[in-house]
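Colleague: Heads up: the sequence lines are chains A and B, in that order. With the first letter of the first sequence counted as 1, position 217 gets the number 217 in the working numbering; the numbers rise by one all the way through. Numbers given in the working numbering equal positions in the second sequence, counted from 1, plus 612. Okay, handing you the structure first.
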Amino acid sequence: MQKIEATNDFVVKFANINGSGSASANELFARAILRMGVPVSPRNIFPSNIQGLPTWFEVRVTEHGYLGRRGGVDLMVAMNPQSWEQDVREIDPGGYLFYDSSKPVPRARLRSDIHVLGMPLTEICNDTYSDSRERQLFKNIIYVGALTTLLDIDPQEIERLFGEQYKGKEKLFDSNLQALNLGREYARQHLKPIALKVERRDRVGDMIFTDGNSAAALGCIYGGATVCAWYPITPSSSVPEAFERYATKLRTDPGSGEKRYSIVQAEDELASIGMVIGAGWNGARAFTATSGPGISLMAEFIGLAYFAEIPAVLINVQRGGPSTGMPTRTQQADILACAYASHGDTRHVLLFPEDPYECFEMSAQALDLAERLQTPVFVMTDLDIGMNQRLCRPFAWDDSREYDRGKVMTREALDAGTDFGRYLDVDGDGIPYRTYPGTHPTKGGYFTRGTTKNAYAVYSEAGADYIYNMQRLRQKFETAKSLVPLPVLTAARYPARFAAIFYGSTGPAMQEALDALAEQGIYINALRVRAFPFQNEISDFIAAHSKVFVFEQNFDGQLTTLLINEAHASPASLIPVLHYDGTPITARFITQEIAERVARLNVRPLRENMVA
Amino acid sequence: MTYIAKPRLHHPSLAKNRVGFTRRDYEGKISTLCAGCGHDSISAAIIQACWELDIEPHRVAKLSGIGCSSKTPDYFLGNSHGFNTVHGRMPSVLTGAYLANRELIYLGVSGDGDSASIGLGQFAHVMRRGVNMTYLVENNGVYGLTKGQFSATADKGSRSKKGQSNNDAPIDLVTLALVMGATYVARGFSGDKTQLVPLIRSALAHQGAAVIDILSPCITFNNHSGSTKSYDYVREHNEAVNRIDFITPREEITADYAAGEVIDVRQHDGSTVRLRKLHEDYDPTDRIRAMSYIQEHAARGEVVTGLLYVDPEACDLHQQLGTVEQPLNTLGAAQLCPGAKALEKINASLR
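As structure tokens, then:
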């Protein structure tokens, strides 16, 4: 039988029952490999449930630093009888199945083309521990111990991690170490060696390991947000929670203990966006974090903020839709809902981070953009980025950077007799001046409304005033193009006729796919879109290729629609390639889709110097 | 009255308050509501209260939802910033504004449709949180702007102008405010300015969530016989529990009440609410008693008005959150951004 052989490049998947304490043991496993200088990319695939349902933890071990999901499983750690059939089926031929053999499994429920490693975990635990909770928790550590032996993971690294985790708790440290060694010893004596190995490298460098939601929260701290209003919703809740954690440390006055921030858990999403808008109107930087259903509830308010021109930042950690959808699964399915959120003619600025580093960067930038443009700005992250720990570049901040507070008319300017029209375009960029409430006793006050107003914020239902306002808003959206992040091009080694457009969490899997395709002799240019409104670079890129594959993690091809609508791309030149089952897109999926489609397009180089 | 422009010039003999403004400086645009609307009387009472309190007009932020009542902030305090938000959601916008700058005075203006129907949730939660605001409900029991539908405060059995009977139980906003933790709860009547102005003054000075449910008859859609929110009905059934005087620290306190009839309530900011008791057994600092008192009288068909409850030790949202004294909207990067060095430490902790 064939045997998958790989060093520092394989996928281990843990199938567990949620609420069984497996998450921390599995994370321990991933971190130990990381400490050996080998990049890993773990992903939690979990149910919308607290205890008892299947949950998976997939660890990509990747010396090349491919942090996307690869697809396929080389070693399955099957600890959940509920999902057994599915888990066994998922193993690549020649791969390995590690399972709890305390209860014999009939041959019919196994496969003949995989290598089976049984370990009587329950039996060992029952013999060693009398307390039922200990039996459960240490079972997880014992299998991690066995895996370290099988995969040549340095036990010293795990011991060090225990040391950090159980600092000052000697008893816990000792018992965990004992369980680890129990597993190691059993594997050494009873299990056949396998051909998946971890070897020490120095490939992690100064990269950091964190999740996108924490990074977005930290971006809001650095970006100067002082008001956070939110309503709990998976997968975004850990953004405000991390904001609170960081703010407690970084924004509390050391002398008085007073807070330079405020957090309100609102009664619903309508209230949370209302608070953000009220704070933005009053000159504070404010944000909320939510997911699809929250955006739907906020829609009316988003329109008000758009027309009343109030800064607001919304971090949308997207999940599977529609409706309540699949709260614990990932998708990029709110693109259109956010780009055109609310009734009436609205258009909104969207930013698409690809990893925690960009979650940090773009959240801070969104606070600047919202005030510069006086409009809602959406940071369109998703569950895959938000709730999984990911290796990424270390966060960076330039201390000379100043907050862009936008066009704010001061008391001095008003005293000097400056003409103030709240909705008057004085600079030709569509962005008017605003005053903060309380600026001046007799000048600069105005009444904020939606659309029924003239350029001086006086009540008006006149058609001409409405038209002036709409055209100015369009001009403002044009201005936004020059302020939002540019797309990032990954050029093929040879001139290419075909191209791919992608965004957000598809990024890491795309990098791996591009390399794999190049090995097959398929060269394509790839452009990562990072913001809406789309710049000319995006239209030019589409126009320069005969076919452009648009990779999206939704069913409707939402970015494709937006590109056709807003970048005036020819629908015939765009081929949406969609991954929407709720799991993160894989490099293998992308590679296969492109290879097949390129073959189907019957590619013969049109010009000699062009390849496909 | 929309068609008569107010003269721009002020009479030189108009009295100025301590901050140098005349009463006219607290006015806004000409009202576009129906002539005789109770809401215009409330706007006049707000103007009077702010002038008497020596509040600089621009230190007030006035926010409203949607409806006839919510249009009124355009008709007073013309130099203040105002915000006509979305239907039923003024409380959240006001909460955010208040978080951003704790130094302004926040006036929320709403109606019975805006607060008791679409906005009931936000009405309740803003009270719970103790946002330092004055929440005025201009309550006429009817949707005016959409022409005469019942609102959730309409009494069961009351009849609309078209003759339909209301079958749903009414929501009593003062009772709800008491349950939800408001620390200043009053009910007034737009037709009784003598009672209303001091109620608004002491609400503005109150450091916590203050709500005044103001019965304000709709002369177009809800002023007929069969309505329980008409001028005649409210006048006949009004049961005032007290008459209040509001006394700021610098005002002379004159005692012209007989002993035993007067309660002085000193608030946090040093001001005093002096109540002349009209009902012997009414104690406005007893929340539980206030609730049963209102219910007992409602059962008898009486509309209890006056200061129904006040907690002189009220604590507001900023105190509960422990935020800095300085308004959050004035903090700069130096106070907000932890800087590159701190970030390097964070990076190190994530390796």
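Even for Gly, the Cβ is constructed at its ideal location relative to N, Cα and C. Because the structure is a prediction, the values reported are computed rather than measured.
Since I believe A:TYR222 is in contact with B:PRO950 (beta carbons under 8 Å), could you give me their beta-carbon distance rounded to a whole number of angstroms?
Modeller: Indeed they touch by this definition, with Cβ atoms about 7 Å apart.
Colleague: Any Cβ of chain D within less than 8 Å of the Cβ of B:VAL721?
Modeller: Protein chains in the displayed structure are A and B, and chain D is not among them.
Colleague: Secondary structure at A:VAL408, three-state DSSP: helix, strand or coil?
Modeller: DSSP places A:VAL408 in strand when its eight states are reduced to three.
Colleague: Output, in chain order, the set of chain B residues within a Cβ distance shorter than 8 Å of A:LEU297.
Modeller: Neighbours of A:LEU297 on chain B: none; closest Cβ ~11 Å, over 8 Å.
Colleague: Suppose the cutoff is 8 Å on Cβ atoms and the five residues either side in sequence are ignored; what does the same chain contact list for B:MET613 look like?
Modeller: Caution applies to B:MET613, whose pLDDT of 46 falls short of 50 and renders its modelled position unreliable; the value that the coordinates give is listed next. The answer, listed in chain order, is ILE642, SER643, ALA647.
Colleague: Alpha carbon to alpha carbon, how far is A:LEU147 from A:LYS13? Give it in angstroms, no decimals.
Modeller: C-alpha separation (whole angstroms): 12 Å.
Colleague: Per DSSP, what kind of secondary structure is B:MET613 in: helix, strand or coil?
Modeller: Confidence in B:MET613 is poor, its pLDDT being 46 and thus under 50, which makes the residue's placement too unreliable to answer from.
Colleague: Beta-carbon within less than 7 Å of A:GLN136's beta-carbon, same chain only, minus the 5 sequence neighbours each way: which residues are those?
Modeller: Excluding residues within five positions, the ones whose Cβ falls inside 7 Å are SER20, GLY21.
Colleague: Which whole-angstrom value is the C-beta distance of A:ARG347 and A:TYR340, which I expect to be below 8 Å?
Modeller: So it is a contact: roughly 7 Å between Cβ atoms.
Colleague: In three-state DSSP terms, what is B:MET745?
Modeller: Three-state DSSP puts B:MET745 in a strand.
Colleague: Taking the alpha-carbon positions, what's the B:VAL853 to B:ASP726 distance?
Modeller: Whole-angstrom Cα-Cα distance: 27 Å.
Colleague: At a CB-CB cut-off below 7 Å, which residues of chain A make contact with B:HIS737?
Modeller: Within 7 Å Cβ-Cβ: GLU267, ALA271.
Colleague: For A:ASN316, write down the residues that DSSP places opposite it in a beta bridge.
Modeller: Partner(s): A:THR290, A:MET380.
Colleague: Specify whether the region 362 to 373 of chain A and the region 404 to 417 of chain A touch according to this definition: at least 3 beta carbon pairs, one from each stretch, less than 8 Å apart.
Modeller: Contact between the region 362 to 373 of chain A and the region 404 to 417 of chain A is present, because at least three Cβ pairs lie under 8 Å.
Colleague: Check the C-beta distance from B:ILE875 over to B:PRO810 and give it rounded, since I have them as a contact under 8 Å.
Modeller: Between B:PRO810 and B:ILE875 the Cβ distance is about 14 Å, and since that is not below 8 Å, they are no contact.
Colleague: Between the alpha carbons of B:ALA728 and B:PHE735, how many angstroms are there, rounded?
Modeller: Their Cα atoms are separated by approximately 8 Å.
Colleague: Just reading off the beta strand (DSSP E) that B:LEU919 is part of, what are its end residues?
Modeller: Residues 915 to 922.
Colleague: Can the beta-carbon of A:GLY72 be found closer than 8 Å to that of A:ASP92?
Modeller: Result yes, Cβ atoms of A:GLY72 and A:ASP92 sit closer than 8 Å.
Colleague: Quick one: what does DSSP say A:SER132 is sitting in, helix, strand or coil?
Modeller: In this structure, A:SER132 counts as helix in the three-state DSSP scheme.
Colleague: Which of the three DSSP states, helix, strand or coil, is assigned to B:ASN752?
Modeller: Coil at B:ASN752, not helix or strand.
Colleague: If you measure between the beta carbons of A:ALA179 and A:ILE141, is that distance less than 8 Å?
Modeller: Result yes, Cβ atoms of A:ALA179 and A:ILE141 sit closer than 8 Å.
Colleague: If we cut at 8 Å on Cβ distances, does B:HIS651 have a partner in chain A?
Modeller: Not an interface residue.
Colleague: What is the DSSP secondary structure of B:GLN776, counted as helix, strand or coil?
Modeller: Correct three-state label for B:GLN776: coil.
Colleague: I believe A:ARG528 touches A:PHE551 by the beta-carbon criterion, under 8 Å. Please report the beta-carbon distance rounded to the nearest angstrom.
Modeller: Not confirmed; about 10 Å, so no contact.
Colleague: Have a look at the DSSP bridge pairing and note the partners of A:GLY118.
Modeller: In DSSP, A:GLY118 forms a bridge with A:TYR99.
Colleague: If you draw a straight line from the C-alpha of A:GLN265 to the C-alpha of A:ALA572, how long is it?
Modeller: Computed Cα separation, rounded: 47 Å.
Colleague: What's the call for A:GLN365, buried or exposed, on a 16-neighbour Cβ count within 10 Å?
Modeller: Buried is the call here.
Colleague: Give a yes or no on whether the minimum CB-CB distance between A:TRP56 and chain B is below 8 Å.
Modeller: With 8 Å as the cut-off, A:TRP56 does not count as an interface residue toward chain B.
Colleague: If we ignore side chains and look at the alpha-carbon of each, how far apart do A:GLN332 and A:GLU244 end up?
Modeller: Each residue's Cα considered, the two are about 27 Å apart.
Colleague: State the Cα-Cα distance for the pair B:LEU948 and A:ASP154, rounded to the nearest angstrom.
Modeller: If you take the alpha carbons of B:LEU948 and A:ASP154, they lie about 42 Å apart.
Colleague: Which chain B residues sit within Cβ distance under 7 Å of A:LYS259?
Modeller: Correct list: LEU933, GLY934, THR935, VAL936.
Colleague: Measuring CA to CA, which of B:VAL797, B:LYS953, B:VAL846 is closest to B:ASP804?
Modeller: When only C-alpha atoms are compared, the closest one is B:VAL846.
Colleague: Take A:GLY344 as the anchor and find which of A:ASP268, A:ASP152, A:ALA491, A:GLY450 has the nearest alpha-carbon.
Modeller: Considering only alpha carbons, the answer is A:GLY450.
Colleague: List, in chain order, every chain B residue whose beta-carbon is nearer than 8 Å to that of A:MET275.
Modeller: Under the 8 Å cutoff, chain B gives SER704, VAL705, THR707, GLY708, LEU711.
Colleague: Going straight from the alpha carbon of A:ARG393 to that of A:GLU354, what length do you get?
Modeller: So the two alpha carbons sit approximately 12 Å from each other.
Colleague: Distance cutoff 8 Å, beta carbons only. Does B:PRO782 sit that close to anything in chain A?
Modeller: No, no contact with chain A.
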